[in-house]
Each structure stands twice: as structure tokens, then as C-alpha cells.
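Undergrad:
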Amino acid sequence: MVEIEAQPDAAPTQMATRGVPLNVAGVATRTAPTDLSVEQPELVFDCREIGVRYNGVRALRDVNLQIRRNAVTALIGPSGCGKSTFLRCLNRMNDLIPGAEVDGVCLYHDEDLYGPNIDAIEVRKRIGMVFQKPNPFPKSIYDNIAFGPRVVGLKDHLDDRIEEALRRAALWDEVKDRLKEGALSLSGGQQQRLCIARALAVEPDVILMDEPCSALDPISTAAIEDLMTSLKTDYTVVIVTHNMQQAARVADTTAFFSTDQGETGTRCGVLIEVAATEKIFTKPENERTEAYVTGRFG
Ligand SMILES: Nc1ncnc2c1ncn2[C@@H]1O[C@H](COP(=O)(O)OP(=O)(O)OP(=O)(O)O)[C@@H](O)[C@H]1O
Ligand SMILES: [Mg+2]
551 MVEIEAQPDA
561 APTQMATRGV
571 PLNVAGVATR
581 TAPTDLSVEQ
591 PELVFDCREI
601 GVRYNGVRAL
611 RDVNLQIRRN
621 AVTALIGPSG
631 CGKSTFLRCL
641 NRMNDLIPGA
651 EVDGVCLYHD
661 EDLYGPNIDA
671 IEVRKRIGMV
681 FQKPNPFPKS
691 IYDNIAFGPR
701 VVGLKDHLDD
711 RIEEALRRAA
721 LWDEVKDRLK
731 EGALSLSGGQ
741 QQRLCIARAL
751 AVEPDVILMD
761 EPCSALDPIS
771 TAAIEDLMTS
781 LKTDYTVVIV
791 THNMQQAARV
801 ADTTAFFSTD
811 QGETGTRCGV
821 LIEVAATEKI
831 FTKPENERTE
841 AYVTGRFG
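Numbering (the numbering used here), first residue to last: 551 to 848.
(1) What number of angstroms, rounded off, separates the C-alpha of aspartate 755 from the C-alpha of glutamate 835?
(2) Mind checking whether the beta-carbon of cysteine 639 lies closer than 6 Å to any heavy atom of ligand 1?
(3) Just curious, the alpha helix (DSSP H) that aspartate 723 is in, first and last residue?
(4) Where do the N-terminal and C-terminal ends of the alpha helix (DSSP H) with cysteine 745 fall, by residue?
(5) What is the DSSP secondary structure of leucine 704, counted as helix, strand or coil?
(6) Looking only at DSSP bridge pairs, what is leucine 758 linked to?
(7) If you draw a straight line from the C-alpha of valine 752 to the C-alpha of proline 699, how long is it?
(8) So, using beta-carbon positions, are isoleucine 626 and phenylalanine 595 closer together than 7 Å?
(9) Sort out for me which residues DSSP pairs valine 602 with in a bridge.
(10) Please go through the same chain and pick out, in chain order, the residues whose beta-carbon is closer than 8 Å to the beta-carbon of serine 690, but skip the five residues on each side of it.
(11) Assign leucine 637 to buried or exposed, taking buried as 16 or more other Cβ atoms, counted over all protein chains shown, within 10 Å of its Cβ.
(12) Listed in chain order, which residues are found with a beta carbon closer than 5 Å to a heavy atom of ligand 1?
(13) Measure the alpha-carbon distance for serine 780 versus glutamine 742 and round it to whole angstroms.
(14) Check this for me: beta carbons of valine 790 and lysine 683, under 7 Å apart or not?
(15) Does proline 688 pass the burial test, meaning 16 or more other C-beta atoms within 10 Å, or should it be called exposed?
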């Protein structure tokens, strides 16, 4: 994994992390004052008053959440409270949903992800996503992983890149002798690790995972959980999960979402509490969090 250092004399709109600027026009965007204490890991996302409406109906409001580098952050909460909606705000996937409107500010490495000149394609390259249901392309294992690098022009040393991505996704040993076989011949758990490898192959900074284990058996789930823990050495990981034990096992920080009565009387997702995972599960501040994690609600 190649880390591109920030150039001291680079334009202020250049991303200070791996790769290419997000800002296609090189126009200054709104940035946050930088106040990163030396002890605190670097802030990757600083979400301020994030909300989402679908066709004018508010589904999520006022989410203030900071996500730090090299950590796993879990989003938990009852069905319909906006976990997936929020996750999609972090890589502009809501742009692809007709009728979805995002408000508030989402700073990514101090740069406004929704600024006027941000390239959403570049955003999704830096901030990869893995979905609930594994969705390999109907192509070979090799071509699944090669797809992203080929599209973004990372064509040098492709074999090495593919091996590296499969190793990082803990799949290499199982597939190294069958790279030309169809990806759909893999088991569900292997397919999900293939999708993680596919996301890793374009050298992202962040991996978002929306219930990545919900279709998997316990052994594949354990493999993916181990993987999340090893991935945080090099990446920032955000997962949505309904499995509290999973959040407790893998997450450093846990954010609990729920719903409140919205503007028009409909239910609307809100962030109730965010804290170190151990605190959320043993000594939460909010009684709604406690009711949820102890199984009395949701
Ligand atoms: N594409 C969409 N169009 C309209 N409304 C949507 C859309 N996606 C989500 N919603 C609404 O937004 C709210 C939050 O949905 P979301 O899928 O984010 O919840 P969730 O917490 O991920 O739920 P689950 O745990 O069931 O996956 C719900 O009321 C849902 O109906
Ligand atoms: Mg969801």
C-alpha cells in the first residue's frame, strides 16, 4: 500500500491522504479548523448536522459524528433508524438514489465531501463500500479484482496487486490455484471476502460495510470479523451491524441510532449516543441506548 505524503507546497485542495485530489476544479472548499491533538488518531470524517430526506420526507437528522483513522466504528440501532442512509452519506452513494437529498456538512480529511467541485467518483474510489449481499461480477475471480484497478488506470503489476488484495482479504490461500474460475463458484463467505478484496484493490482509504455478515454462516462471519480487525491497521473501517456481539467484538467505537418523531409526524432517524464500544455496552449514558443493548427495545 503506497501512502502519498502531503506535499508542503501542494494546493490546499489536494487531499493529504493516499492518491488523487477529490476536488476536480481545484477550487477552495469549506474546511474545518484543524485541531488535532497529538494523542488522538487522525480524524477521517467530521460529520456535522448530517440529515437525509427521501422525496422530501426526512429519514435522518442532525447527526454529529466523528470517525477516526485506523479504527473500526460500528453503527447499530433498530431497523429503519437510518444506519444505511448515514453510511451512504460517507461516500456519496445517496447521490445515486433518486429523490435523496443530504444536508449538513460531511468533512473528509477536512474537505467538504459535498463541496461544489468534489468528484463523487473519486470519493467512491477513496471510500469503498461492501454490501450486505455479496455481489461479485459474473466474471473470473481474477477479473473481479482486476476490474477496479483497470478502470482507474492502476494497470502496472496487476498480478501483484491482485495477490495483495486477496491476501489482505484473507482469501488468497483458498483461491490462488483457481483465479481464472468464475467468482460465482465461490461460497457466500468467499464471495464476500472477494468483494472486500475488490474494494481493497483500488487502494482506498476507508472501507464502509453494510451488514457484511448478515448472509453468512458463523465460520465465514468469524473470518470477516478477523479481517475487519486486521484491516484497521491500514484502513479506517465503518460497519453497520445488527449483531451486538459483533459490534462488541470488532468495533473500537460504537454509534447507536434510533428514531424520533419527525417534522411531519413520521419517524426520523437520529444518533442517540456514540462512545467507546465498551462504554456503550456496559455503561451507556442514554437510557435508550441501555434499553437497546440489553435487548429491552428494538
Ligand atoms: N431509497 C429510499 N427511498 C425512500 N426511503 C428510503 C430509501 N432508503 C431508505 N429509506 C427510508 O429511510 C429510513 C431509514 O432507512 P435505512 O435503510 O437507512 O435504515 P437502516 O437503519 O439501515 O435499516 P435496516 O436495519 O433495516 O437496514 C427508513 O424509513 C426507510 O424507509
Ligand atoms: Mg440498513
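All C-beta atoms, glycine included, are put in the ideal place defined by N, C-alpha and C.
TA: Judging by the given coordinates:
(1) Distance between the alpha carbons of aspartate 755 and glutamate 835 is about 31 Å.
(2) Checking the Cβ of cysteine 639 against ligand 1 gives no.
(3) Per DSSP, the continuous alpha helix (DSSP H) segment holding aspartate 723 begins and ends at 722-725.
(4) In the DSSP annotation of this structure, the continuous segment of the alpha helix (DSSP H) that includes cysteine 745 starts and ends at 738-750.
(5) It is coil, neither helix nor strand.
(6) Answer by DSSP bridge pairing, in chain order: Met679 and Val788.
(7) Each residue's alpha carbon lies about 5 Å from the other.
(8) Taking 7 Å as the Cβ cut-off, isoleucine 626 and phenylalanine 595 do not qualify as a contacting pair.
(9) Residue pairing for valine 602: DSSP places it in a beta bridge opposite Leu610 and Val652.
(10) If we look at serine 690 and ignore the five residues flanking it on each side, its Cβ neighbours are Leu729, Lys730, Glu731, Gly732 and Ala733.
(11) Around the beta-carbon of leucine 637, 16 or more other beta-carbon atoms lie within 10 Å, marking it buried.
(12) Those residues, listed in chain order, are Tyr604, Ala609, Ser629, Gly630, Cys631, Gly632, Lys633, Ser634, Thr635 and Ile647.
(13) Between the C-alpha atoms of serine 780 and glutamine 742 there is a straight-line separation of about 16 Å.
(14) It is not a contact, given that the beta carbons lie outside the stated cut-off.
(15) It counts as exposed.
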